[in-house]
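Beneath this line is the structure, given in structure tokens, with notes to follow.
In our numbering, the protein residues as written are 130 to 387.
Laid out in structure tokens, this is it:
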């Protein structure tokens with residue numbers, strides 16, 4: 130950590146982080162993949178992968194809080210099965226974040242990028258995984274075969290890297306549990322908050338957060354989240370589907386460029 134605190138980030142670095150935090154948060158609210166922009170930027174500014182990964186979670190925490198508040202205020206947040214959804218997510222998030230916190234940086238960086246590439250490629254090749262069946266009834270986790278195990282697996286991924294988690298989580302919430310995309314996006318933020326709280330605790334305990342960067346990201350992410358919710362509430366399901374598809378293309382392209 131001595132190396133981190135001796136780094137010189139200028140005002141322009143912090144402004145760039147805040148601005149990209151706003152953009153990334155809007156992307157995360159509408160679809161997912163915003164951290165595909167943040168993590169490479171932080172590493173380009175000189176943060177080691179473990180510190181970039183940990184610091185990003187501070188912004189994600191405040192982004193999730195702001196987004197949940199917006200969706201709940203609009204009556205778009207389903208809460209009838211939160212226990213069933215969150216328990217496996219939290220357990221998986223703990224496992225994934227512990228793994229990310231102990232891996233050496235020379236292993237962590239390619240592992241993070243490989244995860245992002247794999248998830249982005251899957252959702253690009255199988256975009257129908259993001260779409261719920263037409264006129265389907267919402268299902269509870271306990272009544273849906275494999276749902277708990279899939280949520281646990283997504284929690285592991287989210288705890289490990291967070292970037293592109295939405296592209297794994299939305300197929301479970303929309304495709305398997307049959308929430309429409311607006312309600313699935315709202316639930317996505319609750320799930321993200323759950324495994325982020327666990328991940329933050331691990332990264333704080335390991336001293337893997339640069340708080341200056343994390344709090345600047347938090348300001349940008351929170352502002353972007355409020356903007357994103359307002360946009361999401363006005364969009365039709367068809368437009369949301371198109372945005373999700375577009376973001377899979379962008380995520381794949383970004384992963385290949387890395």
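The beta-carbon is built from N, C-alpha and C at its ideal position, and this holds for glycine as well.
Since the model is a prediction, treat every value here as computed from it, not as a measurement.
Spatial neighbours of residue 221 within its chain, please: CB distance less than 6 Å, with the 5 preceding and 5 following residues excluded, ordered by chain position.
-> Counting from 1 along the chain shown, the entry for residue 221 is found at position 92. Shown here for residue 221: same chain residues with a beta carbon closer than 6 Å to its own, the five before and five after excluded, namely 281, 284, 285 in chain order.
Considering only residues of the same chain and omitting the five flanking positions on each side of residue 321, which have a CB-CB separation below 6 Å?
-> In the chain shown, counting from the first residue as 1, residue 321 sits at position 192. Hits under 6 Å: 193.
Quick one, are the C-beta atoms of residue 338 and residue 189 less than 9 Å apart?
-> As a first step, residue 338 must be located in the chain shown, where it is residue number 209. As a first step, residue 189 must be located in the chain shown, where it is residue number 60. Remark: C-beta atoms of residue 338 and residue 189 do not approach each other more closely than 9 Å.
Runs of beta strand (DSSP E) lying entirely within the stretch 275–301, each at least 3 residues, in chain order = Those beta strand (DSSP E) runs which fall completely within the stretch 275–301 and span 3+ residues do not exist here.
Excluding five sequence neighbours on each side, which residues of the same chain lie with their C-beta closer than 6 Å to the C-beta of residue 315?
-> Position 186 of the chain shown, counted from the start, is the residue given in the question as residue 315. Cβ contact annotation for residue 315 (same chain, cutoff 6 Å, sequence separation greater than five): 200, 205, 206, in chain order.
Count the other CB atoms within 10 Å of the CB of residue 291; is the residue buried (16 or more) or exposed (fewer)?
-> Taking the first residue of the chain shown as 1, we reach residue 291 at position 162. Under this definition residue 291 is a buried residue.
Measure the beta-carbon distance from residue 93 to residue 323 and round it to whole angstroms, keeping in mind my assumption that it falls under 8 Å.
-> It is not possible to answer for residue 93, since the shown part of the chain is limited to 130 through 387.
Are three or more beta carbon pairs between the stretch 352–369 and the stretch 153–165 nearer than 8 Å?
-> Yes: the two stretches touch, three or more of their Cβ pairs being nearer than 8 Å.
As assigned by DSSP and simplified to three states, the class of residue 254 = Along the chain shown, read from residue 1 onward, the residue named residue 254 stands at position 125. Three-state DSSP puts residue 254 in a helix.
Would residue 132 be called buried (16 or more neighbouring beta carbons within 10 Å of its own) or exposed?
-> Position 3 of the chain shown, counted from the start, is the residue given in the question as residue 132. At residue 132, the pLDDT of 45 sits below 50, so the modelled position is not reliable; the number obtained from the coordinates is stated separately. It counts as exposed.
Starting from the C-beta of residue 342, find all residues in its chain whose C-beta is less than 6 Å away, skip the five residues before and the five after it, and write them out in chain order.
-> The count along the chain shown starts at 1 and reaches residue 342 at position 213. Excluding five sequence positions before and after residue 342, the CB atoms of its chain that fall closer than 6 Å to its own CB belong to 184, given in chain order.
Out of curiosity, what's the CA-to-CA distance linking residue 243 and residue 236?
-> The residue labelled residue 243 in the question sits at position 114 within the chain shown. The residue labelled residue 236 in the question sits at position 107 within the chain shown. Rounded to the nearest angstrom, the two C-alpha atoms are 11 Å apart.
Have a look at 335, 330, 325 and flag the residue whose alpha-carbon is nearest the alpha-carbon of residue 288.
-> The sequence position of residue 288 within the chain shown is 159, counting from 1. Closest by alpha carbon: 325.
Minimum C-alpha distance to residue 202 - residue among 148, 362, 368 = Here residue 202 is taken as the residue at index 73 of the chain shown, counted from 1. Shortest Cα-Cα distance from residue 202 to any of 148, 362, 368 involves 362.
Best match in 332, 174, 340 for proximity to residue 226 [C-alpha to C-alpha] = Here residue 226 refers to the residue found at position 97 when the chain shown is read from its first residue. Nearest option by C-alpha distance: 332.
Contacts around residue 359, its chain only, beta-carbon distance under 6 Å, and the 5 residues preceding and following it disregarded = By 1-based counting over the chain shown, the position of residue 359 is 230. Correct list: empty, nothing qualifies.
Got a sec, what are the start and stop residues for the alpha helix (DSSP H) residue 169 sits in?
-> Residue numbering aside, residue 169 sits at position 40 when the chain shown is read from its first letter. Counting along the chain, the alpha helix (DSSP H) containing residue 169 begins and ends at 164–173.
Ordered along the chain, which non-local residues of its own chain (more than five positions away) have a Cβ less than 7 Å from that of residue 224?
-> To locate residue 224, count along the chain shown from 1; it is residue 95. Contacts found: 285, 288.
Helix, strand or coil for residue 180 per DSSP?
-> Position 51 of the chain shown, counting from 1, holds the residue named residue 180. Residue state, collapsed to three classes: helix.
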